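Student: This is the structure I have questions about; it appears just below.
There are 2 protein chains.
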Amino acid sequence: MPKINILKEAEKIKKPYTPYHLANVDNYHVFLGLFEGDYKKHKHPYDEFFLVVSGEIEIEMDKESVSLRQGEGILVKKNTWHKSQAKDKAVVMLFEKLGMQSEFV
Amino acid sequence: MPKINILKEAEKIKKPYTPYHLANVDNYHVFLGLFEGDYKKHKHPYDEFFLVVSGEIEIEMDKESVSLRQGEGILVKKNTWHKSQAKDKAVVMLFEKLGMQSEFV
Numbered sequence: 001m002p003k004i005n006i007l008k009e010a011e012k013i014k015k016p017y018t019p020y021h022l023a024n025v026d027n028y029h030v031f032l033g034l035f036e037g038d039y040k041k042h043k044h045p046y047d048e049f050f051l052v053v054s055g056e057i058e059i060e061m062d063k064e065s066v067s068l069r070q071g072e073g074i075l076v077k078k079n080t081w082h083k084s085q086a087k088d089k090a091v092v093m094l095f096e097k098l099g100m101q102s103e104f105v
Numbered sequence: 001m002p003k004i005n006i007l008k009e010a011e012k013i014k015k016p017y018t019p020y021h022l023a024n025v026d027n028y029h030v031f032l033g034l035f036e037g038d039y040k041k042h043k044h045p046y047d048e049f050f051l052v053v054s055g056e057i058e059i060e061m062d063k064e065s066v067s068l069r070q071g072e073g074i075l076v077k078k079n080t081w082h083k084s085q086a087k088d089k090a091v092v093m094l095f096e097k098l099g100m101q102s103e104f105v
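Chains as they are written, first to last, in this note's numbering: chain A, 1 to 105; chain B, 1 to 105.
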């Protein structure tokens, strides 16, 4: 397997909120997302881990809202409504189950 | 869920090659490892993703040896013999199945 340079891969992403595949880990996967502006509020039946690679994002959840900067991560538990947003461009690494279907508001 | 500052968590790790838990993602988990010196050659029946948070490591596999620095990652596919080492201290984020049993040489 070739090694992956996260920041170099991040530079290739042009379209916000579209998974940019890095690796499958069994039936889970690691991918990058360019966060820019608002994403739609949604939930899904599996957990999702976020790690901010660059920039700053905010995740609004049922009971709290969390700001995350480079090097900060959070677990969004399954079935938790959440809405991501970024004022400026931010790149996030995510770990979650492959083929996860989201329910939107 | 509280947010996680990766570098602050990394500073708390004292013991090399001992998983430092960050979050469960369903039946997978995200954890940190302090790599220092040689780890034992092993393999396991599930995939493992490595991302170097600080420092530099080397992973020797069946057919190749890969050096990874901060911001670089690699997938070690299931059933691949691999041996990790770090000349100096390095911190690595790993993503793999919970409770994975390794077979050592």
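We put the beta carbon where it would ideally sit given N, CA and C, even for glycine.
None of the values given here were measured: they were computed from a predicted structure.
Here's the rule I'm using: 16 or more other beta-carbon atoms within 10 Å means buried, otherwise exposed. How should A/Gly73 be labelled?
Tutor: Locating residue 73 of chain A in the first sequence gives position 73, counting from the first residue. By the neighbour-count rule (16 or more Cβ atoms within 10 Å), A/Gly73 is buried.
Student: Which class does A/Lys64 belong to by DSSP, given the choice of helix, strand or coil?
Tutor: Start at 1 with the first residue of the first sequence, and residue 64 of chain A comes out as number 64. It is Glu, not Lys, that sits at residue 64 of chain A in the sequence shown. Reduced to three states, the DSSP call for A/Glu64 is coil.
Student: Which residues in the same chain have their Cβ closer than 7 Å to the Cβ of A/Pro19, if we skip the five residues on either side of it in sequence?
Tutor: Counting from one through the first sequence, the residue named residue 19 of chain A turns up at place 19. The answer, listed in chain order, is Phe31 and Gly33.
Student: Does the separation of the CB atoms of B/Val76 and B/Phe35 fall below 7 Å?
Tutor: Translated into the one-based positions of the second sequence, residue 76 of chain B becomes position 76. Translated into the one-based positions of the second sequence, residue 35 of chain B becomes position 35. No, they are not a contact pair.
Student: Does the structure place the region 52 to 72 of chain A close enough to the region 34 to 49 of chain B that three or more beta carbon pairs sit under 8 Å?
Tutor: no
Student: 7 Å is my cut-off, CB to CB: does B/Glu56 come that close to chain A?
Tutor: As a working mapping, residue 56 of chain B is identified with position 56 in the second sequence. Chain A, which has no Cβ nearer than 7 Å to the Cβ of B/Glu56, makes this no.
Student: Within a Cβ cutoff of 6 Å, which residues of the same chain sit near B/Met100, ignoring the five residues on either side of it in sequence?
Tutor: As a first step, residue 100 of chain B must be located in the second sequence, where it is residue number 100. Correct list, in chain order: His44 and Tyr46.
Student: Under 8 Å, CB to CB, which of the residues in the region 15 to 29 of chain A have a partner in chain B?
Tutor: Leu22, Ala23, Asn24, Val25, Asp26 and Tyr28
Student: In whole angstroms, what separates the C-alpha of A/Asp26 from that of B/Leu98?
Tutor: For the purposes of this step, residue 26 of chain A is taken as the residue at position 26 of the first sequence. For the purposes of this step, residue 98 of chain B is taken as the residue at position 98 of the second sequence. Whole-angstrom Cα-Cα distance: 12 Å.
Student: Residues of chain B with CB closer than 8 Å to the CB of A/Leu7, please, in chain order.
Tutor: For the purposes of this step, residue 7 of chain A is taken as residue 7 along the first sequence, with counting starting at 1. Correct list: Gly71.
Student: Buried or exposed for A/Leu7, please, with buried defined as at least 16 other CB atoms from any protein chain shown within 10 angstroms of its CB.
Tutor: Within the first sequence, numbered from 1, the residue matching residue 7 of chain A stands at position 7. A/Leu7 is exposed by the Cβ-count criterion.
Student: Which residue's Cα is closest to the Cα of A/Gln85: A/Lys12, A/Ala23 and A/Glu60?
Tutor: Here residue 85 of chain A refers to the residue found at position 85 when the first sequence is read from its first residue. Looking at the Cα atoms, A/Glu60 is the closest of the given residues.
Student: In the DSSP assignment, what are the bridge partners of A/Leu7?
Tutor: Here residue 7 of chain A is taken as the residue at index 7 of the first sequence, counted from 1. In the DSSP output, where bridge partners are listed per residue, A/Leu7 has none listed.
Student: Using CA coordinates, which residue listed in A/Asn79, A/Asp88 and A/Ser102 is at the minimum distance from A/Ser54?
Tutor: By 1-based counting over the first sequence, the position of residue 54 of chain A is 54. Among A/Asn79, A/Asp88 and A/Ser102, the Cα nearest to that of A/Ser54 belongs to A/Asp88.
Student: Can you tell me where the beta strand (DSSP E) holding B/Asn24 begins and where it ends?
Tutor: In the second sequence, the residue the question calls residue 24 of chain B occupies position 24. First-last of the beta strand (DSSP E) with B/Asn24: Tyr20 to Val25.
Student: Against A/Glu96, what residues of chain B qualify as contacts under a CB-to-CB distance less than 8 Å, listed in chain order?
Tutor: Counting from 1 along the first sequence, the entry for residue 96 of chain A is found at position 96. The contacting residues are Val25.
Student: Are the C-beta of B/Phe107 and some C-beta of chain A separated by less than 7 Å?
Tutor: The structure shown does not extend to residue 107 of chain B, since chain B spans only 1 to 105, so no value can be given for it.
Student: Beta-carbon separation of A/Glu48 and A/Glu96 under 7 Å?
Tutor: As a working note, residue 48 of chain A is residue 48 in the first sequence. As a working note, residue 96 of chain A is residue 96 in the first sequence. Taking 7 Å as the cut-off, the Cβ atoms of A/Glu48 and A/Glu96 count as close.
Student: Report yes if the C-beta distance between A/Leu94 and B/Lys3 is below 7 Å; otherwise report no.
Tutor: As a first step, residue 94 of chain A is located in the first sequence; it is residue number 94 there, counting from the start. As a first step, residue 3 of chain B is located in the second sequence; it is residue number 3 there, counting from the start. Contact: no.
Student: Would you say the beta carbon of B/Lys43 is closer than 6 Å to some non-hydrogen atom of the ligand ATP?
Tutor: The ligand ATP is not part of this structure, which contains no ligands at all.
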